[in-house]
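Residue numbers (the working numbering): 820 to 1006. Each residue gets a CB set at the ideal place from its N, CA and C atoms; glycine is no exception. Everything below concerns the one structure shown next.
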């Protein structure tokens, strides 16, 4: 095309600019993008940010992904197929159990608009909540990320924990998306 097109997300599909800013945040916070154990938690079936991040993280050497979701919200086979070929992948349902093994915990919200009924949404809402107890299980060097907005899956008491990187992550969005626009406009 003669005019650059930037995908800002496509429903439950992918969200490329979010994945770029997530990589930028991980690198800025931890100083690397390789040899990390990253947990993606929440609605991985419909969470476009987690889907895009999984694809990009698979491009870096030595990374391991832990996909933490109820079976009905597990990541789609389209992403699993491509990611499995590039890095070790573990699927889990118990966030507290895997938290001590992670370098990055990427928490996503359970999205009410993706369910056919309020009853079904209520069944899964709150299944994974990051609170002070879970943060005690997360290693001291690890970071907690979230694409925002949150909907009860991160207790506000966690906001002051230095490992809570989601507000810094949101700030990084400005710089990364400005860079993408600059690149597109430069031709």
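DSSP state of residue i, grouped into three classes?
i            : result
residue 905  : coil
residue 860  : strand
residue 845  : helix
residue 886  : strand
residue 984  : coil
residue 972  : coil
residue 827  : coil
residue 977  : helix
residue 932  : helix
residue 952  : helix
residue 1003 : helix
residue 896  : helix
residue 918  : helix
residue 838  : helix
residue 822  : coil
residue 865  : coil
residue 852  : coil
residue 992  : helix
residue 946  : coil
Can residue i and residue j be called in contact, C-beta distance under 8 Å?
i           : j           : result
residue 867 : residue 829 : yes
residue 892 : residue 921 : no
residue 961 : residue 982 : yes
residue 884 : residue 857 : yes
residue 946 : residue 839 : no
residue 882 : residue 899 : no
residue 865 : residue 930 : yes
residue 902 : residue 873 : yes
residue 984 : residue 844 : yes
residue 951 : residue 917 : no
residue 970 : residue 823 : no
residue 954 : residue 980 : yes
residue 886 : residue 848 : no
residue 943 : residue 889 : yes
residue 975 : residue 919 : no
Examine the ligand ADP and report whether any of its heavy atoms sits within less than 7 Å of the Cβ of residue i.
i           : result
residue 922 : The ligand ADP is not part of this structure, which contains no ligands at all.
Which partner residues of residue i appear in the DSSP bridge assignment?
i           : result
residue 925 : 859 and 964
residue 941 : Note: residue 941 sits in no beta bridge, so no partner.
residue 911 : 887
Should residue i be labelled buried (16 or more other beta-carbon atoms within 10 Å of its own) or exposed?
i           : result
residue 895 : exposed
residue 825 : exposed
residue 968 : exposed
residue 966 : buried
residue 927 : buried
residue 842 : buried
residue 997 : exposed
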